[in-house]
Amino acid sequence: HKITGDDGAVHQITLAKGNRIILDALLLQPVYCASPVRISDRVCILKRDYRVPITKEMFENDAATDRAKFGVYFLNGRVERISGTGGAQ
Numbered sequence: 034h035k036i037t038g039d040d041g042a043v044h045q046i047t048l049a050k051g052n053r054i055i056l057d058a059l060l061l062q063p064v065y066c067a068s069p070v071r072i073s074d075r076v077c078i079l080k081r082d083y084r085v086p087i088t089k090e091m092f093e094n095d096a097a098t099d100r101a102k103f104g105v106y107f108l109n110g111r112v113e114r115i116s117g118t119g120g121a122q
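Read left to right, the sequence shown gives residues 34 to 122 (the working numbering).
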């Protein structure tokens with residue numbers, strides 16, 4: 034993955050398994066999480082160790098799912114998946 038920060042600095046990361054699954058999901062759309070605990074470990078690793086710009090918004094009282102609290106994770110910057118040949122996908 035190629036990450037471009039707000040300052041224009043670019044860095045590349047290589048992810049495997051769970052971390053890659055979460056980042057690939059965020060590339061497609063914001064990720065709803067009925068319990069932020071379920072994926073928060075992965076999000077923390079992506080933010081802290083890989084400097085992926087992820088934000089979380091918390092909401093209350095979702096009538097559709099009857100959840101008292103839930104979160105939605107968003108990518109907050111430019112992140113691109115790079116193909117195996119090195120080109121952006």
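Beta carbons: idealized from backbone N, C-alpha and C, even for Gly.
Report task. Could you check which residue in N52, L56 and Y65 has the C-alpha nearest to that of A97? Result -> For the purposes of this step, residue 97 is taken as the residue at position 64 of the sequence shown. For A97, the nearest C-alpha among the options comes from Y65.
Report task. Tell me whether N109 is buried or exposed, calling it buried when 16 or more other Cβ atoms sit within 10 Å of its Cβ. Result -> Stepping through the sequence shown from its first residue, residue 109 is reached at position 76. Classification of N109: exposed, given that the 10 Å Cβ count is below 16.
Query raised in the report: Can the beta-carbon of R114 be found less than 8 Å from the beta-carbon of D57?
Result: Along the sequence shown, one-based indexing puts residue 114 at 81. Along the sequence shown, one-based indexing puts residue 57 at 24. Contact annotation: R114 and D57 have beta-carbon atoms nearer than 8 Å.
Query - Rounded C-alpha distance that separates A101 from T88 - result: Sequence index remark: in the sequence shown, residue 101 carries index 68 (1-based). Sequence index remark: in the sequence shown, residue 88 carries index 55 (1-based). About 20 Å.
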